[in-house]
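**Q**
There are 2 protein chains.
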Amino acid sequence: MKAKVYVRLKNGVLDPQGQTIQSSVERMGYDFAKEVRVGKVFEIEVESEACRKDLEKIASTMLANMIIEEYSIEFEA
Amino acid sequence: MKAKVYVRLKNGVLDPQGQTIQSSVERMGYDFAKEVRVGKVFEIEVESEACRKDLEKIASTMLANMIIEEYSIEFEA
């Protein structure tokens, strides 16, 4: 089973990397990208969903900087 | 509407960052993480799905290194 931890910048936090990508997309001649934000996905092979509580602890202490980032967890069979 | 471009290492490509996280998780005393792999998510605000073809071009030329990475695109209303 796969657990996916999505980590993204909180709304309102500036995303220079996203802005750089957006201006590059415009320079390539595309105008459809109104805003670009960049996040991370941690794919973790696990036995079952029983690890959810521990995974939340790891996400909030190691994978995400909770001052500027938020996370969400999904499990895929 | 939001387009999400997921970029991840191809299977078989070594993921040192993922391995480092996995050993840190074990050092914290957790044994549920069999494997950890790290990817990126580009969240792009768009008008509609009409941009899919262009987005695939951008993903394969700018967002992913197609030699070692693969991408997938999802649209969220």
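As given, the protein sequences belong to chains G and U, one line each in that order.
If you read the first sequence in the numbering used here, its first letter stands for residue -18, the second for the next number, and so on.
If you read the second sequence in the numbering used here, its first letter stands for residue -18, the second for the next number, and so on.
All residues carry an ideal CB built from backbone N, CA and C; glycine is no exception.
Since the structure is predicted, the reported quantities are computational estimates derived from the model, not experimental observations.
1. Tell me which same chain residues have a C-beta within less than 6 Å of the C-beta of Glu57 of chain U, skipping the five on either side of it?
2. Determine, for Ser5 of chain U, whether the minimum Cβ-Cβ distance to residues of chain G falls below 9 Å.
3. Please report the straight-line C-alpha distance between Leu36 of chain G and Glu26 of chain U, rounded to a whole angstrom.
4. What distance in whole Å lies between the Cβ atoms of Lys21 of chain U and Gln21 of chain G, which are believed to be in contact at a cut-off of 8 Å?
5. Could you have a look at Leu(-5) of chain G and say whether DSSP puts it in helix, strand or coil?
6. Below 8 Å on the Cβ atoms is my guess for Ile54 of chain U versus Val6 of chain G; work out the distance and round it to an integer in Å.
7. Measuring only the C-alpha atoms, how far is Lys15 of chain U from Gly(-1) of chain U?
**A** According to the structure shown:
1. Lys(-17)
2. yes
3. 29 Å
4. For the sequence presented, residue 21 of chain G should be read as Lys rather than Gln. Lys21 of chain G to Lys21 of chain U, Cβ: 6 Å. Contact.
5. coil
6. Between Val6 of chain G and Ile54 of chain U the Cβ distance is about 14 Å, and since that is not below 8 Å, they are no contact.
7. 11 Å
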